[in-house]
Amino acid sequence: MPESYKEDARPAQQWYWDDWFAAFDARLCSLAARGLWIDMLGIMWKAEIRGTLTVNGKQADNKTLAKIIGAHVSEIRPLLKELEMNNVFSRLDDGTIICRRLFRESGRKEEISKIRSKAGKKGAKK
């Protein structure tokens with residue numbers, strides 16, 4: 001099995017099916033748009049800054065996204081508009097697409113990890 005690309009070495013993420021089926025923002029979208037969103041979530045999971053639609057540390061534009069998922073830009077453009085119109089994702093100030101939940105939880109896990117690391121170092125000094 002290949003090693004994880006992430007510093008935290010988590011090769012998988014928890015998926016809460018109840019949350020997925022209750023997410024009315026995504027439920028309002030077409031099947032095609034939801035399929036695109038699932039692929040985008042996978043890309044954002046593996047991104048350097050988890051929860052951001054970035055590739056190699058750079059904001060993924062429509063052309064890059066289309067290449068990664070194996071579609072044409074003309075196919076994904078209306079689907080992205082549909083996802084955005086239904087508030088499925090947000091954008092950072094620079095326009096980078098984010099999954100609010102992944103972005104938020106990523107920061108929280110890093111924060112908890114730092115706290116635990118500091119506590120462990122203090123315990124080791126005793």
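Residues in the sequence shown are numbered from 1 upward in steps of one, following full-length UniProt numbering.
C-beta: ideal position from N, C-alpha, C; glycine also.
What you are looking at is a predicted structure, and each value in this text was computed from that prediction instead of being measured.
The Cβ atoms of L80 and M44 do not sit closer than 8 Å to each other. DSSP places F24 in the uninterrupted alpha helix (DSSP H) bounded by F24 to R27.
By the neighbour-count criterion, in which a residue is buried when 16 or more other Cβ atoms sit within 10 angstroms of its Cβ, R50 is buried. Of the residues G95, N87, L92 and D93, the one whose Cα lies closest to the Cα of A26 is N87. Residue ranges of uninterrupted alpha helix (DSSP H) with 4 or more members, entirely inside the region 66-111 and ordered along the chain, are 73-85. Bounds of any alpha helix (DSSP H) do not take in I49, whose DSSP letter is neither H nor E. Under the DSSP definition of a beta bridge, K58 partners with V55.
About 6 Å separates the beta carbons of L53 and M40, which is inside the 8 Å limit, making them a contact pair.
Taking all protein chains shown into account, I76 has 16 or more neighbouring C-beta atoms within 10 Å of its C-beta and is therefore buried.
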